[in-house]
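Step one of this worksheet: look at the structure below.
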Amino acid sequence: MSQFTLPRDIYFGRGSLSHLKDLQGKKAFIVTGGASMQRFGFLGKTEEYLKEAGMELKVFAGVEPDPSIETVKKGAEDMRKFKPDWIVAIGGGSPIDAAKAMWIFYEYPDLTFEEAAKPFSLPTLRNKAKFCAIPSTSGTATEVTAFSVITDYDNGIKYPLADFNLTPDVAIVDPDLAETMPPALAACTGMDAFTHAVEAYVSTAANAFTDPLALRAIEMVKDNLIKSYNGDKCAREQMHYAQCLAGMAFSNALLGIVHSMAHKTGAAFKTGHVVHGLANAMYLPYVITYNAEELSAAKRYEEIADYLKIEGDKREEKIQRLCHLIISLNEAMEIPHTLKEVGIEEEEFLDKKKTIAANAVSDACTGSNPRAIDDEKMEKLLECVYYGRKIDF
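Numbering of the sequence shown is given in the working numbering, commencing with residue 1 and proceeding in unit increments.
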């Protein structure tokens, strides 16, 4: 038996932030990131609407990019003191992911992080609070997913927390917030969304409910990402919706080794930080080539190519042209092709390659990848991504 889980309510469209005033509760704990939501006035509007709903408020600000275990623990402690019945997270994927993890330890303070990190094994949430997510970036789709990614900086590893309990009760997808993204952020988050949709479509857990969402998201990203990157407001709005559709797909169909690699390389190198969306964009063509050796995966990639009207006489040619499409999107937005181009020194890469490969193979996303992989093959794959070599295994 399979499961398909979405938020209870998804509000979308310009000005949809105002739906906050309709929430029913007494106390709201607001989680946000840096200063951008305050600078652009969205944090103030959030507070205004929640006060109009009759709620007492507390703001937890300053969640860092790639939120840490320490930030999560601090936020959970503040929640336990304030005792909210609503958690409202606004900003990029980082504050929303952090708020999800805080929610776990607010409701279950004695739970260990290791216990929380076991996939789909959380105890029931919503005993103390409900959750509302408001994204300002167009990539992670954490506002509609069962996932949260938290970083252990001591070990340089990102841990994906996975449980349908973590799916927010309310998602507000207001494109006004997405217009504040600088071009580089629009590029990386947009390719993150593209990767979500592609991996969801070829995942071993893909199904009749997730396939239409994934395909439509792929098409919308292809048609709108470069325009969005160049500042087109209409395209920026469509990207905000596309990433949400991709999120609905992958939250229920799961992901693959593009994300396994991104999770384990993001904070691993001292000589270069591999931003999550950039990592996905860079790894995706390599992984498609690797996975396409598995017939079932090759057929699914061909279906994506056909949906995008990519022509070719043979399946292999269509898949190759799909990879070229992804590379051309990356090049148009100045996303590098290799880890070496990111600035990671060869000595550090070679020193850490074996450990990163093992960690990536054991990542929660690897299990739903359409082609099996072991530590040795993952090392080879990482080498290809570092040096820009052809996948031939």
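Don't be surprised by glycine CBs; every beta carbon is placed ideally from N, CA and C.
Identity of the residue in the options nearest residue i by Cα
{"i": "residue 162", "options": "123, 180, 171", "result": "123"}
{"i": "residue 392", "options": "256, 290, 199", "result": "290"}
{"i": "residue 276", "options": "117, 157, 299", "result": "157"}
{"i": "residue 109", "options": "310, 135, 118, 76", "result": "76"}
{"i": "residue 149", "options": "137, 347, 72, 10", "result": "72"}
{"i": "residue 381", "options": "297, 308, 318, 286", "result": "286"}
{"i": "residue 355", "options": "311, 264, 294, 15", "result": "264"}
{"i": "residue 369", "options": "85, 308, 292", "result": "292"}
{"i": "residue 202", "options": "120, 164, 258", "result": "258"}
{"i": "residue 169", "options": "192, 126, 194, 37", "result": "126"}
{"i": "residue 135", "options": "221, 184, 95, 196", "result": "95"}
{"i": "residue 20", "options": "12, 27, 46", "result": "46"}
{"i": "residue 357", "options": "337, 266, 175", "result": "266"}
{"i": "residue 197", "options": "175, 222, 91", "result": "222"}
{"i": "residue 192", "options": "173, 115, 174, 217", "result": "217"}
{"i": "residue 106", "options": "82, 320, 167, 383", "result": "82"}
{"i": "residue 16", "options": "171, 114, 69, 113", "result": "171"}
{"i": "residue 174", "options": "14, 2, 220", "result": "14"}
{"i": "residue 378", "options": "365, 386, 367, 361", "result": "361"}
{"i": "residue 2", "options": "183, 206, 84", "result": "206"}
{"i": "residue 53", "options": "228, 33, 86", "result": "86"}
{"i": "residue 335", "options": "11, 283, 18, 112", "result": "283"}
{"i": "residue 299", "options": "11, 35, 204, 166", "result": "204"}
{"i": "residue 236", "options": "92, 344, 220", "result": "220"}
{"i": "residue 78", "options": "102, 383, 241", "result": "102"}
{"i": "residue 33", "options": "233, 376, 65", "result": "65"}
{"i": "residue 451", "options": "364, 387, 372, 374", "result": "What the structure shows of the chain is the stretch from 1 to 393, and residue 451 is not part of that stretch, so it cannot be assessed."}
{"i": "residue 310", "options": "12, 326, 339, 195", "result": "326"}
{"i": "residue 251", "options": "340, 166, 9, 387", "result": "166"}
{"i": "residue 138", "options": "375, 18, 239", "result": "239"}
{"i": "residue 154", "options": "67, 224, 104", "result": "67"}
{"i": "residue 376", "options": "359, 111, 390, 249", "result": "359"}
{"i": "residue 387", "options": "373, 344, 338", "result": "338"}
{"i": "residue 38", "options": "5, 25, 7, 91", "result": "91"}
{"i": "residue 228", "options": "184, 249, 63", "result": "184"}
{"i": "residue 212", "options": "224, 249, 233", "result": "249"}
For residue j and residue i, believed in contact at Cβ under 8 Å, the rounded distance
{"i": "residue 279", "j": "residue 330", "result": "Between residue 330 and residue 279 the Cβ distance is about 12 Å, and since that is not below 8 Å, they are no contact."}
{"i": "residue 210", "j": "residue 253", "result": "4 Å"}
{"i": "residue 352", "j": "residue 268", "result": "6 Å"}
{"i": "residue 132", "j": "residue 57", "result": "Not really, about 13 Å apart at Cβ, beyond 8 Å."}
{"i": "residue 117", "j": "residue 159", "result": "5 Å"}
{"i": "residue 31", "j": "residue 60", "result": "5 Å"}
{"i": "residue 187", "j": "residue 333", "result": "4 Å"}
{"i": "residue 152", "j": "residue 288", "result": "Wrong, their Cβ atoms sit about 29 Å apart, outside the cutoff."}
{"i": "residue 255", "j": "residue 346", "result": "Rounded, the Cβ-Cβ distance is 29 Å, inconsistent with contact."}
{"i": "residue 342", "j": "residue 274", "result": "6 Å"}
{"i": "residue 43", "j": "residue 28", "result": "The pair is not a contact, with the Cβ atoms about 12 Å apart (cut-off 8 Å)."}
{"i": "residue 84", "j": "residue 129", "result": "5 Å"}
{"i": "residue 297", "j": "residue 371", "result": "6 Å"}
Bridge partners - residue i, DSSP secondary structure assignment
{"i": "residue 56", "result": "27"}
{"i": "residue 91", "result": "135"}
{"i": "residue 10", "result": "171"}
{"i": "residue 86", "result": "28, 130"}
{"i": "residue 68", "result": "151"}
Within-8 Å CB hit, residue i to chain C
{"i": "residue 254", "result": "Here there is only one protein chain, and chain C is not present."}
The ligand FAD heavy atom lying under 7 Å from the CB of residue i
{"i": "residue 186", "result": "Within the structure as shown, the ligand FAD is missing, as the structure has no ligands at all."}
Any contact between the segment 236-254 and the segment 144-151? By contact I mean 3 or more CB pairs, one from each, below 8 Å. yes
In the segment 142-190, which residue ranges form an unbroken alpha helix (DSSP H) of at least 4 residues, counting only runs that do not cross its ends? 175-178
Using 8 Å as the Cβ pair cut-off and three pairs as the minimum, do the segment 339-354 and the segment 302-317 touch? no
Taking the runs of the alpha helix (DSSP H) that are 4 residues or longer, which of them lie wholly in the segment 236-260? none
Runs of beta strand (DSSP E) lying entirely within the segment 247-323, each at least 3 residues, in chain order: none
Can at least three beta-carbon pairs, one atom from the segment 174-187 and one from the segment 312-325, be found at a separation below 8 Å? Flag = no, the segment 174-187 and the segment 312-325 do not touch.
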